[in-house]
Structures are given as structure tokens and as C-alpha cells.
Amino acid sequence: DHRDLHSFPTRRSSDLKPEVSSLNLLLSRGWVQLVKSFRYLSMPMRWRLARVAAAVLWFAVPKRRHVILRNLELCFPELSRTERESLAKRVYVRLARAAIDHGTLWCGSAEDVRSLVHFHGIEHLLNPENRPVIVVSPHFAGLDAAGIALNTYVRGVSLYQTQSNPVWDEALLKGRLRFSNPVLIAKSGDSDLRRVMREMKTGLPFYYLPDMDHGRRNSIFVPFFGVEAATLPMVSRLARVMQAKVLWCIATMTETGYQVEISEAWENFPTNDPHADTCRLNAELETFIRQQPDQYLWVHRRFKTRPEGERSLY
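The working numbering puts the first residue of the sequence shown at 35, with every later residue one more than the last.
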């Protein structure tokens, strides 16, 4: 019964962003065209440009810098302030390289994308016995690269967050729709998940991002790097209702592109305890992050929602 699932929160009128100005739209169109031109850059040039962009963004966007440093302070208290700052700067470089690579992801051929993004374990996803299936893909720098490249192998279904800037929203959506015509559902309310379930029943893999703070509604608090984090128990509940297999999809940025690992189906999952299942998911994700901490997207406020009575961590 889908009513047993924790769904995404419905947007409220207070969540609506102000209208984007004409000047911002014009500048955004220019940035989109610039990103598309990056497809012609060599990989060494991409790295050089990424380091320059990261240095500029470090000083130009203090709000995000604060969020990254605070997240690292919470999750890696054993590191010194200098070590956390060095790690944060490497995160910025990864983010800049990922943005530059969108030139290939948005404009390159399927062969270009596959040359940039290499898969290991893709057979686990293509195996018809692994249906229905949930592909759990956390917020690593190669997240978009993995998602778009997967579409060159298999058609899937996923949820996406509409951007407040319509120019960027259109560019991101077109980029994700380029291959195999995947089903992309804008997050809007309880009906989202019902549509996902319908598509999964037809055999489409569900590409799901498990590690965002969606607020108190429908979330449970489970540890993430020792800090209680509001987390939707979606993977456990959906896997149980759909009797679905669950696979990890972990994207690693390399010096020359991306390496994406698709795991075998999780064993002994789900159980009858969504809380324990979600704790397991976060614990395994933490292990992946510790192996490559500079590749995780620490820019979002993962610990924004706090348990009752606890003050903000930001």
C-alpha cells in the first residue's frame, strides 16, 4: 500500500521563489552557452579552469563556504581547522570540474559521454532479474554525470527539483532527457511517488538520491557521521512495498573522467524495521564518503532540520 510510504513534502506557497529578473535570465543564457562550449576543452585545461573557478568561488560565495566548513566540522571533528579548510577547497575544485564537464554531458554524443563516464558493474543494473529496482545514488560530484551516462544504457525514472531560474531549469532538464527519454518527475507532492511506482512496475529502474534534508515532515532522525540527520526512510519502505532490489550507484571523479560503481543487490534488505534500514543506508554511505571526502557535495545543509528542542547547527 503506497500510503505506507513516506512521500516528498508538498510545496507551499511560502516556498515559492521570487521571479527572476530579466537581467539574470540574460546572464544565465550566457552562462549556459559558456558551459556548452566547455565540451571542446581538454581535460588538463578543464582542471586548470576548475582550480581558477574554485578560487574565485571560495571568496565570492561566503554563505556556501560557511556551510561546507560547518558540515566538515560536524562530520570530521578529528581534523584541524586548517585540514578542514584544505578539504573544503578541494571540494570546490571538484564542483567546478563537474560543472565544466556538463559541456560534454549536455552536448556530446552518447559515445562522448561513455568515454567520459565509465561503469563497473553495469550488468547488475541491466540484469532483468533485478526488477523492480531502486538505484541509490548519493550526492557525489559525479552525480549528474552518472545519471546522464546511465541513460545511454537503460531508460529509467527519477525525481528532480525544479530550479527557480527557468533558464537553468530548462538546461538541466534538457541535459537529463537527452538519451533514452527517461521519465523525470518534478517534485511537487504525494502524487510523485505513485507515478514512480507505476513506472517501476513497467520495469524502469528508479534513480533515487537518498541524502537530502527534506524537512521534518515524513522524516526520521538517524545518525550520519554521528550527528542526527533528518532522513526520509524512502528506500526501505519503497523496496518493501514494491518488493524491489536495491543497488548502490557511486560516482567517483577521476583525473580523466568518472568511474561509476554499480553494486550487486543489497542482501537482507529491506527488513521490517525502516529505522534500522535507514541507519544501515547512512552508515554505508558514510563509509563511501570517508574513502573520498572531497568528492561529496557538502554544500547543502544536511543537518538543517533538528530534533525538537535542539538549536540550529548553522
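Built from N, CA and C at the ideal position, the CB exists for glycine as well. The structure displayed is predicted, hence computed values, not measured ones.
Judged by pairs of C-beta atoms under 8 Å, the stretch 122 to 133 touches the stretch 85 to 105, as three or more such pairs exist. With respect to the C-alpha of R345, the residue from L139, E262, L266 and V170 having the closest C-alpha is E262. Per DSSP, the unbroken beta strand (DSSP E) holding V151 starts and ends at V151 to H154. Look at the beta carbons and you see the stretch 280 to 295 touching the stretch 177 to 188: at least three pairs across the two are nearer than 8 Å. In this structure, K235 keeps its C-beta atom at 8 Å or more from the C-beta atom of V167. In this structure, I296 sits near I156, with a CB-CB distance shorter than 8 Å. Segment contact: the stretch 186 to 198 against the stretch 229 to 245, three or more CB-CB distances shorter than 8 Å; contact assigned.
With contact defined as three or more Cβ pairs closer than 8 Å, the stretch 313 to 329 and the stretch 207 to 217 are not in contact. With contacts defined by Cβ atoms closer than 8 Å, A179 and L159 do not form a contacting pair. The shortest CA-to-CA distance from L281 to any of S214, L68, P304 and G260 is the one to P304.
With fewer than 16 other beta carbons inside 10 angstroms of its own, Q195 counts as exposed.
The beta-carbon distance between R104 and Y348, rounded to whole angstroms, is 6 Å. This is short enough to meet the 8 Å contact definition. Considering only N302, T312 and R99, the residue with the shortest C-alpha distance to M246 is T312.
Around the beta carbon of L68, a 10 Å sphere encloses fewer than 16 other beta carbons of the protein chains shown; the residue is thus reported as exposed. Residue burial is scored here from C-beta neighbours: N58 has fewer than 16 other C-beta atoms within 10 angstroms and is therefore classed as exposed. Excluding sequence positions up to five before and after K70, its CB lies within less than 7 Å of the CB of G137, W140 and C141, all in the same chain and listed in chain order. Between the alpha carbons of V54 and N164 lies a gap of roughly 43 Å. DSSP places P257 inside the beta strand (DSSP E), whose first and last residues are I254 to F258. The continuous stretches of alpha helix (DSSP H) do not include L193, which lies in the beta strand (DSSP E) extending over residues V191 to Y194.
If only uninterrupted beta strand (DSSP E) runs of at least 3 residues are considered, those enclosed by the stretch 140 to 181 are 151 to 154 and 167 to 170.
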